[in-house]
Every structure is written in C-alpha cells, then in structure tokens.
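Residue 656 in our numbering sits at position 138 of the sequence shown; the count goes up by one each step and never skips.
All remarks here apply to the structure that follows.
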Amino acid sequence: MNARSWLSAAITAVLVMAGLGAAAGLCWIVVAQPAQWEYAEQGLVLSESAAAEQFGIVAWFVAIGFVLCLVFGWVLAARRAEDGWRVVPVVIVATLLGAVVCSRVGYSFGPPDPRSVTGLQLGDQVPMQFELGSFSPMLLWTLGGLVGLVGAVFLRAPDESQEDVVTARSTP
C-alpha cells in the first residue's frame, strides 16, 4: 500500500469519527439529565442531591464515547489490518477529535449557562450546562478505541503463512 492511499484512509477514518462524535453529542444531550439549579434569594443554588446528578452528565459522556470508540477501534483494526501499527495513531487522533466534537455539540446545543438566564422567579429551576470540567473524560474515549483495537488484533485469526512451519532446526 502506498503512502497516499494510507493517508487517504486515515483522513477518512478521522472524518468519520468526527461525524460520529457529532451524533454522539446529540445522543448525549438526549440521554443525560442535567442537574437543576434552583433560583433562591442568594442566587442560583445547587442542592446536594442535584450536585450528585452533575456526575451523570460526565458519566453519560464517558459511557457513550467509550462504547462508540470501542466499536470504532475494533472496526478500524479489522478493516485496516494490513496497516499494522499505523492504525494506533489514527485511532488516537480520531477518538480525541470525536470526543472534542461531542463535547462541543453538548456545550453548544445543550442548556445555556445558568448564570446567563434572566427573568427568574424564586424557586425556578434552571438546568446545568453540559460541560466536562476537565480533559480526562475525553481520554476515556481514546482508551475505548485502543481497547477495541487491541481486542480485534488479539482475536484475529493467525495468517495461514504463519502456521506450524517445520524447519531444519525444529527436527529432532
């Protein structure tokens, strides 16, 4: 395989993962239930039970991404087996890009920043914005892709050419 066709396949894989990341972002918005801020006299307040729900946003992001990237890594390793080790950086770049796209979709199309909501009455509920708070949940997307890749390589049948070959040294 020449370098040009490999590069074309790598770019295609990265763009496919970017599209899947956008779809995952929409799925994340639909599935995750954001915590609710309550407007009180002292401003927006997050109750203790609502603070626990904040973890749910990140947990859904990780779960959706890990499963998606697990399948992506598996399929890419199976379809591009002839590329060998060069699939690894493609999986890393593609899954990180997918995670960034997903997080931006959630941030852009999810609930707005609660501090920007105006016209609130006492007791009104305002949903928490979809944000991750750190980069580490995105790395779990990459871990999922690499686990899928390793699983596909591990379970791949050996080449016919590598079966038991008798050589001069192997005879007793």
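For glycine and all other residues, C-beta sits at the position ideal for the given N, C-alpha and C.
Give the straight-line distance between the Cα atoms of residue i and residue j, rounded to the nearest whole angstrom.
{"i": "residue 554", "j": "residue 607", "result": "39 angstroms"}
{"i": "residue 619", "j": "residue 652", "result": "15 angstroms"}
{"i": "residue 550", "j": "residue 609", "result": "26 angstroms"}
{"i": "residue 621", "j": "residue 529", "result": "21 angstroms"}
{"i": "residue 577", "j": "residue 625", "result": "15 angstroms"}
{"i": "residue 560", "j": "residue 573", "result": "24 angstroms"}
Considering only residues of the same chain and omitting the five flanking positions on each side of residue i, which have a CB-CB separation below 8 angstroms?
{"i": "residue 592", "result": "666, 667, 669 and 670"}
DSSP three-state label for residue i, please.
{"i": "residue 558", "result": "strand"}
{"i": "residue 645", "result": "strand"}
{"i": "residue 579", "result": "helix"}
{"i": "residue 553", "result": "coil"}
{"i": "residue 564", "result": "coil"}
Who are the near neighbours of residue i in its chain, counting only those whose CB is closer than 7 angstroms to its CB and skipping five residues on each side?
{"i": "residue 623", "result": "540, 543 and 544"}
{"i": "residue 536", "result": "615, 616 and 619"}
{"i": "residue 558", "result": "640"}
What first and last residue would you give for the alpha helix (DSSP H) that runs through residue i?
{"i": "residue 602", "result": "Segment: none, residue 602 is in no alpha helix (DSSP H) and carries neither H nor E."}
{"i": "residue 541", "result": "521–549"}
{"i": "residue 655", "result": "654–673"}
Measure from the C-beta of residue i to each C-beta in chain B and report whether the shortest distance is under 8 angstroms.
{"i": "residue 645", "result": "Among the protein chains of the structure shown there is no chain B, as only one such chain exists."}
Which residues in the same chain have their Cβ closer than 6 angstroms to the Cβ of residue i, if we skip the five residues on either side of it in sequence?
{"i": "residue 673", "result": "none"}
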